[in-house]
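Asker:
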Amino acid sequence: MSHYIPPTHEHDIDPVDGRMALVQGQPTFHEITEAVAKPIDSPPKAWWIFFLVSVSMLGLFGLSVAYLLWEGVGIWGNNIPVGWGWPIVNFVFWVGIGHAGTLISAVLFLFRQKWRTSINRASEAMTIFAVICALMFPTIHVGRVWVIYWPLPLPNQMQMWPNFRSPLLWDVFAVSTYFTVSLLFWYVGLIPDIATMRDRAKTAIRRFAYGVFALGWRGSARHWVNYEAAYLLLAAMATPLVLSVHSIVSFDFAVSQLPGWHTTIFPPYFVAGAIFSGFGMVLTLMIPLRKWFHLEHIIGIKHLENMAKVILLTGTLVGYAYGMEFFIAWYSGNPYETFVFANRALGDYAWAYWIMVSCNVITPQFIWFKKIRRSPAALFILSIFVNIGMWFERFVIVATSLHHDFLPSSWAYFSPTMWDWATMLGSFGLFFTLFCLFVRFLPIIAVAEVKAVMPQANPHYHPPGHEDPDLTSSASGTVQSRDDHAAVKTAVTSGEESSKVVVSKASEPDDEDEDEDDEDEPDTKDEPIVADEPEPEAKAAPEPEPEAKAEDAKQEAAADDDDDAADEPEDKPLFSKDPADKPLFSKDPADKPLFSPPSAKKDDKADDGDDEGKED
Amino acid sequence: MPKRPKMYGLLAEYETPAALYKACERVRDAGYGAWDAHTPFPVHGLEKAMGIGPSLVPWIVCVLGFSGAALGFGLQYWTSVIEYPLIISGKPFNSYPAFVPVTFELGILLGSFGAVFGMFGLNRLPTLYHSLFNSKRFARFSDDRFFISIEARDPKYDPDKTRKLLESTGAVAVEEVED
Numbered sequence: 029m030s031h032y033i034p035p036t037h038e039h040d041i042d043p044v045d046g047r048m049a050l051v052q053g054q055p056t057f058h059e060i061t062e063a064v065a066k067p068i069d070s071p072p073k074a075w076w077i078f079f080l081v082s083v084s085m086l087g088l089f090g091l092s093v094a095y096l097l098w099e100g101v102g103i104w105g106n107n108i109p110v111g112w113g114w115p116i117v118n119f120v121f122w123v124g125i126g127h128a129g130t131l132i133s134a135v136l137f138l139f140r141q142k143w144r145t146s147i148n149r150a151s152e153a154m155t156i157f158a159v160i161c162a163l164m165f166p167t168i169h170v171g172r173v174w175v176i177y178w179p180l181p182l183p184n185q186m187q188m189w190p191n192f193r194s195p196l197l198w199d200v201f202a203v204s205t206y207f208t209v210s211l212l213f214w215y216v217g218l219i220p221d222i223a224t225m226r227d228r229a230k231t232a233i234r235r236f237a238y239g240v241f242a243l244g245w246r247g248s249a250r251h252w253v254n255y256e257a258a259y260l261l262l263a264a265m266a267t268p269l270v271l272s273v274h275s276i277v278s279f280d281f282a283v284s285q286l287p288g289w290h291t292t293i294f295p296p297y298f299v300a301g302a303i304f305s306g307f308g309m310v311l312t313l314m315i316p317l318r319k320w321f322h323l324e325h326i327i328g329i330k331h332l333e334n335m336a337k338v339i340l341l342t343g344t345l346v347g348y349a350y351g352m353e354f355f356i357a358w359y360s361g362n363p364y365e366t367f368v369f370a371n372r373a374l375g376d377y378a379w380a381y382w383i384m385v386s387c388n389v390i391t392p393q394f395i396w397f398k399k400i401r402r403s404p405a406a407l408f409i410l411s412i413f414v415n416i417g418m419w420f421e422r423f424v425i426v427a428t429s430l431h432h433d434f435l436p437s438s439w440a441y442f443s444p445t446m447w448d449w450a451t452m453l454g455s456f457g458l459f460f461t462l463f464c465l466f467v468r469f470l471p472i473i474a475v476a477e478v479k480a481v482m483p484q485a486n487p488h489y490h491p492p493g494h495e496d497p498d499l500t501s502s503a504s505g506t507v508q509s510r511d512d513h514a515a516v517k518t519a520v521t522s523g524e525e526s527s528k529v530v531v532s533k534a535s536e537p538d539d540e541d542e543d544e545d546d547e548d549e550p551d552t553k554d555e556p557i558v559a560d561e562p563e564p565e566a567k568a569a570p571e572p573e574p575e576a577k578a579e580d581a582k583q584e585a586a587a588d589d590d591d592d593a594a595d596e597p598e599d600k601p602l603f604s605k606d607p608a609d610k611p612l613f614s615k616d617p618a619d620k621p622l623f624s625p626p627s628a629k630k631d632d633k634a635d636d637g638d639d640e641g642k643e644d
Numbered sequence: 018m019p020k021r022p023k024m025y026g027l028l029a030e031y032e033t034p035a036a037l038y039k040a041c042e043r044v045r046d047a048g049y050g051a052w053d054a055h056t057p058f059p060v061h062g063l064e065k066a067m068g069i070g071p072s073l074v075p076w077i078v079c080v081l082g083f084s085g086a087a088l089g090f091g092l093q094y095w096t097s098v099i100e101y102p103l104i105i106s107g108k109p110f111n112s113y114p115a116f117v118p119v120t121f122e123l124g125i126l127l128g129s130f131g132a133v134f135g136m137f138g139l140n141r142l143p144t145l146y147h148s149l150f151n152s153k154r155f156a157r158f159s160d161d162r163f164f165i166s167i168e169a170r171d172p173k174y175d176p177d178k179t180r181k182l183l184e185s186t187g188a189v190a191v192e193e194v195e196d
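Note that the protein sequences, when read in sequence, are chains A and B.
Just so we're aligned: the first sequence equals residues 29 to 644 in our numbering.
Just so we're aligned: the second sequence equals residues 18 to 196 in our numbering.
What follows is the structure, given as structure tokens:
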């Protein structure tokens, strides 16, 4: 008798595809809605603390920009030759963070990575707010903010046009297009969820506000067809867009003639770095958020682990790029290039360079350890290091390449002033203020998308206990109450039922689920889950009332949720003979496992072990 | 005697995607035209059960995307070659390799407008008032319930026969909705 369950604490198995369920604890659709909407109805106290701190930092931003406009860019540490200084460091930093959102929403969507549904909404919001912060910096860096419209191709009294051969102008188009498309993508995804908020709104103001932005959405199947086509195409266009934007940002550097900037590796290196820093920021935001908002069952350990793997991959790519820059500096034989890189690692800014290398190359390597990448606390700390490291990467690129250029007579050292610091801290204030407002008023989880990847969303899903006579020849039960959520809850946990539903699925002609998911979940697909043959004693056990069973199932599921929240999940055995463990699967009828014992008299097909959990 | 209000049609409520899917096949096979299903999320394969054809959005995106790219290149060519020719870094007026990024970005931008606003146009959004919002039950379409609405303007619509059809599909509730 083989009990193969992958070594993980996530017990719930999607009976349709036989993999770990993305949403743990088998909630109903309604429970998902409530779980996401509850923090909007009654925000946690900590929200106010964060909001007030963020708004004060935003005030600092306003103050430093106002002083800048009054006094001029001389308040910053920018000098000649380091003319770009902190504003451009911060610009590239924020644009980089703004890449994970579209990557999660678009690229993972195209690859059919269903786990994205739990995190895409918040990461898209993060993207938009990060790009807003990014756009602030070139705007104030020009010094004369009132002529910032000059890069736009507008007919004007000077009869002049922008220079379309300049990468800085490409940047204007790339970043503004990126912002617009990200905003559209985010809003289109939000429409069904705003409709949900509208329909459960209790006050007239909320109903009106959500109602306007929901555009009268009524979930029409004819609308969904167009909606899904539009969403897919937006994803298909946003994917090359997100790659192009950071490539073009890197052209700002790479197209110039400066040693240290003039390299062909910059576009892929910048894109990898952007994804790296963006996922770092997503983890920084989501790990506390999922805890405070009690969303651990929707944003599971598996989601964090997947993001950590992306960080490991892109962090390693960034490390490779660092090494390759040095190799090319040596291999090219160009003395200026060689000097810049030797100066980078050993010169005035060596401290910044080695902070960057420690944070970006060494930190992600901890993710190789499973214990670390499945621990939210450890990932949170790692993500902070990633954020710091990626800020230093941009600082190193800007400062070290500029401060020692061709003539030693023009060398200088850049150090930030108080106003540089104030502006940078202030931009974090802007970012977190917007993010706080977002979590306060909009669903931070894509409710409709999460529901759509739950097992019971599949129209071919049949809660065990009411078989569909069309699909399984062995069906003997009749369809009773169609929505007995308890039946769903009890049934899905039972291993027998998973194998049965898989069988019934295979017999369907038009099933299109095979292509859905290629995430690397271990083994559940190949090795069907085989559970106990039902023991005779178990059969003879008295069957509790359905309501009582439902209650039991709910309590057990709740207990399991609590276990999920714990950080040391692997200790909990899935199978256990010890009744104190409350296992999910058990031979001992006294345990009251989550699936209900079969009634012996009703069904005589016990030989294939199929009929546990059939309900009357 | 007060005049009976004009009816929009019938609204049937279902509790699972599977029930809705089967019911949609029945309504489709009964030959109705002016009807719709309402779900909290896109139900996989429902368009087949309802007999809805493919979306027109891709065509709109295609046309607008390529127009955007043409517009982007045209803008750069016109300003750099015709309207204000200026030698910059000794490059030719028509420096087409340098024009690629802006051409690309404008293609994406207009294509995205096509996707979003094309979708709005095809779906007639925003429609802030709709008869279905008169139904109290209908508010659950965005939470956990599944609905079929059949409009009274459908030629096959008959208050009693249509209601019988819907009731026979396993609906948990069937009600008339005022226009």
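Cβ atoms here follow ideal geometry from the backbone N, Cα and C, with glycine treated the same way.
1) Compare the C-beta of B:D177 with all C-beta atoms of chain A and state if any pair is closer than 8 Å.
2) Mapping DSSP to helix, strand and coil, what is B:E30?
3) Do B:F164 and B:L28 have their C-beta atoms within less than 8 Å of each other?
4) Looking at the unbroken alpha helix (DSSP H) that takes in A:A480, where does it start and where does it end?
5) Just checking my contact of A:P109 with A:H431 at CB under 8 Å: how many whole Å lie between their CB atoms?
6) If you count every other CB in all the chains shown that lies within 10 Å of the CB of A:E99, and 16 or more means buried, which is it?
7) So B:Y3 contacts chain A; which residues on that side make the cut at Cβ distance below 9 Å?
8) Pick out whichever of A:G328, A:A223 and A:C161 has its Cα sitting closest to the Cα of A:A237.
9) Check the Cβ of B:Y25 against every Cβ in chain A and list those closer than 7 Å, keeping chain order.
10) Shortest alpha-carbon distance to A:F460 belongs to which of A:L50, A:T391 and A:F79?
11) Helix, strand or coil for A:S443, going by three-state DSSP, please let me know.
12) Would you identify the three-state DSSP class for B:A188, choosing helix, strand or coil?
13) Do B:V60 and A:P55 have their C-beta atoms within less than 8 Å of each other?
14) Could you give the DSSP three-state label for B:S166: helix, strand or coil?
15) Pick from A:P67, A:L50, A:L91 and A:I41: whose alpha carbon is nearest that of A:M446?
16) I'd like the ranges of any beta strand (DSSP E) spanning at least 3 consecutive residues and lying wholly in the stretch 142-221 of chain A.
17) For B:S152, which of helix, strand or coil comes out of DSSP?
18) Please classify B:C79: is it buried, with 16 or more other beta-carbons within 10 angstroms of its beta-carbon, or exposed?
19) Quick one: what does DSSP say B:E42 is sitting in, helix, strand or coil?
20) Using a Cβ-Cβ cutoff of less than 6 Å, which residues in the same chain neighbour A:G361 once the five nearest sequence positions on both sides are dropped?
21) Hey, B:M24 and B:A169: beta-carbon distance below 8 Å or not?
22) Using only the alpha-carbon positions, how far apart do B:I69 and A:I416 sit?
23) By DSSP's criteria, A:W396 is part of a beta bridge. Which residues make up the other side?
24) Let me make sure I understand the geometry here. Which of A:V159, A:K66 and A:T344 has the alpha-carbon closest to that of A:S455?
25) How is the alpha helix (DSSP H) around A:D42 delimited, first residue to last?
26) Measure the CB-CB distance between A:P392 and A:I315 and report whether it falls below 8 Å.
27) When you compare only the Cα positions, how much space is there between B:K181 and A:D40?
28) Using DSSP bridges, identify the partner residues of B:A54.
29) Can you say whether A:G306 is buried or exposed, counting buried as having 16 or more other CB atoms within 10 angstroms of its CB?
30) Bridge partners of B:M24, per DSSP?
31) Between the stretch 257-273 of chain A and the stretch 344-352 of chain A, do at least 3 Cβ pairs fall closer than 8 Å?
32) When the cut-off is 8 Å and only beta carbons count, does A:F192 lie next to chain B?
33) Please compile the residues from chain B whose C-beta is within a distance smaller than 8 Å of the C-beta of A:D227.
34) Where A:E324 and A:E152 are concerned, what is the direct C-alpha to C-alpha distance, given to the nearest angstrom?
35) Considering only DSSP beta bridges, list what A:M48 is partnered with.
36) How about B:A190: is its C-beta nearer than 8 Å to some C-beta of chain A?
Answerer: According to the structure shown:
1) The residue you call residue 177 of chain B lines up with position 160 of the second sequence. Judged by the 8 Å Cβ criterion, B:D177 is not in contact with chain A.
2) Against the second sequence, residue 30 of chain B aligns to sequence position 13. Here B:E30 sits in strand by DSSP.
3) Here residue 164 of chain B refers to the residue found at position 147 when the second sequence is read from its first residue. Here residue 28 of chain B refers to the residue found at position 11 when the second sequence is read from its first residue. Their beta carbons are under 8 Å apart, which means B:F164 touches B:L28 by this criterion.
4) On the first sequence, position 452 is the one that residue 480 of chain A refers to. V475 to A480 is the span of the alpha helix (DSSP H), which, as asked, contains A:A480.
5) On the first sequence, position 81 is the one that residue 109 of chain A refers to. On the first sequence, position 403 is the one that residue 431 of chain A refers to. That pair is a contact at about 6 Å.
6) As a first step, residue 99 of chain A is located in the first sequence; it is residue number 71 there, counting from the start. A:E99 should be labelled exposed.
7) As displayed, chain B neither begins before 18 nor continues past 196, which places residue 3 of chain B out of reach and without an answer.
8) Here residue 237 of chain A refers to the residue found at position 209 when the first sequence is read from its first residue. Of the listed residues, the one whose Cα sits closest to A:A237 is A:A223.
9) In the second sequence, residue 25 of chain B corresponds to position 8, counting from 1. None at all; the shortest Cβ gap to chain A is about 12 Å.
10) Within the first sequence, residue 460 of chain A is the residue found at index 432, counting from 1. Selected option, being the one with the closest Cα: A:F79.
11) Position 415 of the first sequence, counting from 1, holds the residue named residue 443 of chain A. In this structure, A:S443 counts as coil in the three-state DSSP scheme.
12) As a first step, residue 188 of chain B must be located in the second sequence, where it is residue number 171. In the structure shown, B:A188 sits in coil (DSSP, three-state: anything other than H, G, I, E or B).
13) Taking the second sequence and counting its residues from 1, the one referred to as residue 60 of chain B is at position 43. Taking the first sequence and counting its residues from 1, the one referred to as residue 55 of chain A is at position 27. No.
14) In the second sequence, residue 166 of chain B corresponds to position 149, counting from 1. In the structure shown, B:S166 sits in a strand (DSSP, three-state: E or B).
15) The residue you call residue 446 of chain A lines up with position 418 of the first sequence. Nearest option by C-alpha distance: A:L91.
16) none
17) The residue labelled residue 152 of chain B in the question sits at position 135 within the second sequence. Reduced to three states, the DSSP call for B:S152 is coil.
18) For the purposes of this step, residue 79 of chain B is taken as residue 62 along the second sequence, with counting starting at 1. It counts as exposed.
19) Mapped onto the second sequence, residue 42 of chain B falls at position 25. The answer is helix: DSSP assigns B:E42 an H, G or I state.
20) On the first sequence, position 333 is the one that residue 361 of chain A refers to. Cβ within range, chain order: n/a, list empty.
21) Start at 1 with the first residue of the second sequence, and residue 24 of chain B comes out as number 7. Start at 1 with the first residue of the second sequence, and residue 169 of chain B comes out as number 152. Taking 8 Å as the Cβ cut-off, B:M24 and B:A169 qualify as a contacting pair.
22) One-based indexing of the second sequence puts residue 69 of chain B at position 52. One-based indexing of the first sequence puts residue 416 of chain A at position 388. Straight-line Cα distance between these residues: approximately 51 Å.
23) To locate residue 396 of chain A, count along the first sequence from 1; it is residue 368. According to DSSP, A:W396 bridges with nothing at all.
24) The residue given as residue 455 of chain A occupies position 427 in the first sequence. It is A:V159 whose Cα lies nearest to the Cα of A:S455.
25) Counted from its first residue, the first sequence places residue 42 of chain A at position 14. It is not in any alpha helix (DSSP H) - A:D42 carries neither H nor E in the DSSP assignment.
26) One-based indexing of the first sequence puts residue 392 of chain A at position 364. One-based indexing of the first sequence puts residue 315 of chain A at position 287. No, they are not a contact pair.
27) On the second sequence, residue 181 of chain B is found 164 positions in, with the first residue counted as 1. On the first sequence, residue 40 of chain A is found 12 positions in, with the first residue counted as 1. Going by the C-alpha atoms only, they are around 40 Å apart.
28) Residue 54 of chain B sits at position 37 when you count from the first residue of the second sequence. B:I165.
29) Here residue 306 of chain A is taken as the residue at index 278 of the first sequence, counted from 1. The residue in question, A:G306, is buried, as its Cβ has 16 or more Cβ neighbours within 10 Å.
30) Residue mapping note: residue 24 of chain B aligns to position 7 of the second sequence, counting from 1. Bridge partners of B:M24: B:E195.
31) no
32) Taking the first sequence and counting its residues from 1, the one referred to as residue 192 of chain A is at position 164. Yes, contact with chain B.
33) Residue 227 of chain A sits at position 199 when you count from the first residue of the first sequence. Within 8 Å Cβ-Cβ: A156, R157, F158, S159 and D160.
34) Residue mapping note: residue 324 of chain A aligns to position 296 of the first sequence, counting from 1. Residue mapping note: residue 152 of chain A aligns to position 124 of the first sequence, counting from 1. Rounded to the nearest angstrom, the two C-alpha atoms are 20 Å apart.
35) Walking along the first sequence from the start, residue 48 of chain A turns up at place 20. Answer by DSSP bridge pairing, in chain order: A:I41.
36) Against the second sequence, residue 190 of chain B aligns to sequence position 173. Cβ-Cβ to chain A under 8 Å: no for B:A190.
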